[in-house]
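Protein chains: 2
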Amino acid sequence: MPPDLNLRISPRSVQRETVDKLRLAIFSGLFQPGSRLIESQLCTQLGISRPSLREALRSLEAERLIEIVPNRGPSIPALSWEVATAIYEVRELLEVEAAGRCASRISPEQLRELEKSLSAFEAAASSNDSLARVMTAADFYSIILANCGNPILEEVHRGLVARISFFRGRSMSLEGRAQSSLSEMREIFESIAAGDEKAAREASKQHVLKAKAAAKISMDSGL
Amino acid sequence: MPPDLNLRISPRSVQRETVDKLRLAIFSGLFQPGSRLIESQLCTQLGISRPSLREALRSLEAERLIEIVPNRGPSIPALSWEVATAIYEVRELLEVEAAGRCASRISPEQLRELEKSLSAFEAAASSNDSLARVMTAADFYSIILANCGNPILEEVHRGLVARISFFRGRSMSLEGRAQSSLSEMREIFESIAAGDEKAAREASKQHVLKAKAAAKISMDSGL
DNA sequence: ATTGCAAGAATGTCAGACAATCGGCTTGAC
DNA sequence: GTCAAGCCGATTGTCTGACATTCTTGCAAT
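Residue numbers (my numbering), protein chains in the order written: chain W, 89 to 311; chain R, 89 to 311.
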């Protein structure tokens with residue numbers, strides 16, 4: 089048995105359930121950016137006590153998914169385009185590196201998983217369910233990041249992508265964006281499958297750049 | 089007046105004070121890796137109530153500075169060399185990028201600040217105060233990261249460096265490491281001052297690689 | 001030596017309370 | 001009519017105390 093295999097079962101505590109639920113609520117756009125979150129309301133809605141809720145909020149604050157201004161309480165941060173750009177730039181840095189590493193080290197079975205997730209996105213791209221598109225696309229990246237051989241790269245990437253989930257949902261609804269996204273992702277996949285590190289890097293870079301451009305369009309038009 | 093200048097003074101809440109104090113305590117190595125943190129003890133030591141402490145602990149957990157296992161409570165994670173390697177690799181990615189950008193965009197006065205921090209490190213390098221060495225070195229990087237034009241790059245970097253503060257303290261105590269570190273940092277500074285982006289990238293890369301090697305030595309010898 | 005059990009310690013969670021602070025509304029002055 | 005001042009409800013920051021659940025440790029028994 090590998091010594092680093094963690095056999096511990098993790099009990100679901102109220103705090104963790106709450107973090108997960110709120111995170112999902114934020115992803116799905118339940119709260120408007122800039123809107124305040126009222127502790128007492130959330131407590132009744134979630135059916136938990138204030139101390140538990142406040143612990144959960146502190147976790148989300150550290151993840152930068154919410155902001156907590158002293159004496160004003162938690163709110164959904166309004167993401168400026170400046171910050172969004174910065175996030176896309178770092179995301180490019182990380183994803184390019186991950187795709188490159190992935191190309192030279194992914195296992196055959198994980199490669200099949202990657203292909204499956206690409207198919208799933210292909211199906212979602214033709215549908216009207218924009219949440220499904222975002223989710224399946226996220227799966228695709230997850231597999232790449234999980235196979236780049238660097239858990240920190242994966243962790244940091246997840247944190248960043250979470251913060252631009254707002255844009256992802258909107259730009260994936262853009263006319264034609266899902267289809268072009270699909271072809272870009274297919275290119276990434278082909279490069280990785282061929283073990284071509286350089287090509288994987290380049291394809292990955294192009295993909296992020298276009299995602300960023302799409303996000304800008306959706307922001308300019310939508311606001 | 090720039091419209092994005094945040095004039096809001098942030099009241100110091102007990103929670104934030106606690107996070108800062110604990111973070112500093114962790115940096116300075118007050119807690120052994122792997123050791124558990126007992127809530128009741130911390131409460132009396134810090135003179136605060138359990139809810140406030142628990143909120144602070146959740147923040148630190150999200151920063152990955154502590155681990156909280158359900159029903160076992162918080163503890164200082166023992167950093168494996170595998171994870172440390174992963175952190176150094178991502179740190180390299182970020183720092184190289186930051187140094188490169190910095191070279192082509194830093195302002196003259198910030199460049200002077202950078203020079204001052206280099207001098208401060210030079211002084212610390214000759215002293216015996218290893219905490220001062222770590223702190224002044226951290227200042228040097230901070231200035232570079234703050235002037236790379238990407239706040240996210242800075243934020244992510246800070247989070248990663250915090251997690252390897254343990255190693256930084258130990259490797260800075262290594263015979264000769266501070267001096268070689270100094271010459272590497274000087275090289276970075278010179279490249280940035282000359283506006284030579286490529287050289288800044290290369291110097292930065294070498295610096296991180298050597299820091300990583302020093303960390304490995306200190307780990308192998310010290311454990 | 002290993003197993004099983006019991007006492008103690010520590011955590012997870014809640015309810016309730018109160019002061020400090022913020023935001024909006026009313027009031028009053030010019 | 002506009003603007004300033006001040007009051008009031010809403011909300012957050014923090015604490016105390018409590019209790020069930022879970023973990024750890026030491027000891028006894030096989």
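All C-beta atoms in this analysis are idealised placements derived from N, C-alpha and C, irrespective of residue type, glycine included.
Assuming residue i is part of the beta strand (DSSP E), what are its boundary residues?
i	result
GLY161/R	161-163
GLU151/R	No beta strand (DSSP E) holds GLU151/R; DSSP gives it neither H nor E.
For residue i and residue j, which I take to be in contact (beta-carbon distance under 8 angstroms), what is that distance rounded to the nearest angstrom?
i	j	result
ILE156/W	SER123/W	Incorrect: roughly 14 angstroms between the Cβ atoms, too far for contact.
GLY283/W	ALA191/W	6 angstroms
PHE277/W	GLU197/W	Incorrect: roughly 15 angstroms between the Cβ atoms, too far for contact.
GLU143/W	GLU143/R	6 angstroms
PHE228/R	LEU167/R	Not confirmed; about 23 angstroms, so no contact.
ALA172/R	ALA303/R	7 angstroms
Give a yes or no on whether 9 angstroms exceeds the smallest Cβ distance from residue i to chain R.
i	result
ILE231/W	no
PRO91/W	With a pLDDT of 40 at PRO91/W, under the threshold of 50, the modelled position of that residue is not reliable, and no figure is offered here.
VAL178/W	yes
ALA208/W	no
GLY122/W	no
VAL171/W	yes
SER98/W	yes
LEU248/W	yes
GLN198/W	no
GLU285/W	no
ILE136/W	no
ALA174/W	yes
When you compare the CB of residue i with every CB in chain W, is at least one pair closer than 9 angstroms?
i	result
GLU143/R	yes
GLU185/R	yes
LEU181/R	yes
SER147/R	yes
Looking at the unbroken alpha helix (DSSP H) that takes in residue i, where does it start and where does it end?
i	result
GLN120/W	Run containing GLN120/W: none; DSSP gives neither H nor E here.
LEU199/R	196-214
ASP227/R	218-234
ILE276/R	265-281
GLY135/W	It is not in any alpha helix (DSSP H) - GLY135/W carries neither H nor E in the DSSP assignment.
LEU248/W	239-251
ILE175/W	169-191
ILE114/W	102-115
Residue i: buried (16+ other C-beta within 10 angstroms of its C-beta) or exposed?
i	result
GLN120/W	exposed
GLY188/R	buried
THR132/W	exposed
GLU263/R	exposed
ILE232/R	buried
LEU145/W	buried
LEU112/W	exposed
ARG179/W	buried
GLU127/W	exposed
ASN238/W	buried
ARG267/W	For clarity, residue 267/W is Gln in the given sequence; the question names Arg instead. Exposed, by the Cβ-count rule.
ALA301/W	exposed
SER195/R	exposed
LEU118/R	exposed
SER205/R	buried
ALA225/R	buried
GLU242/W	buried
ASN216/R	exposed
ARG138/W	exposed
ARG200/W	exposed
ARG258/R	buried
ASN159/R	exposed
The ligand FAD and residue i: does any heavy atom of the ligand fall closer than 8 angstroms to the residue's C-beta?
i	result
ALA211/R	Absence of the ligand FAD is noted for the structure shown, with no ligands found whatsoever.
Contact set between the stretch 150-167 of chain R and chain W, restricted to residues whose Cβ is under 7 angstroms from the partner: Listed by position, the residues of the stretch 150-167 of chain R near chain W (Cβ gap below 7 angstroms) are ALA150, GLU151, PRO158 and ASN159.
Proximal residues, the stretch 219-245 of chain W versus chain R, C-beta separation under 7 angstroms: Residues passing the 7 angstroms Cβ filter: ASN238, PRO239, ILE240, LEU241 and VAL244.
Residues in the stretch 98-113 of chain W having any Cβ partner in chain R nearer than 7 angstroms: Taken in chain order, the members of the stretch 98-113 of chain W whose beta-carbon sits within less than 7 angstroms of a beta-carbon on chain R are SER98, PRO99 and SER101.
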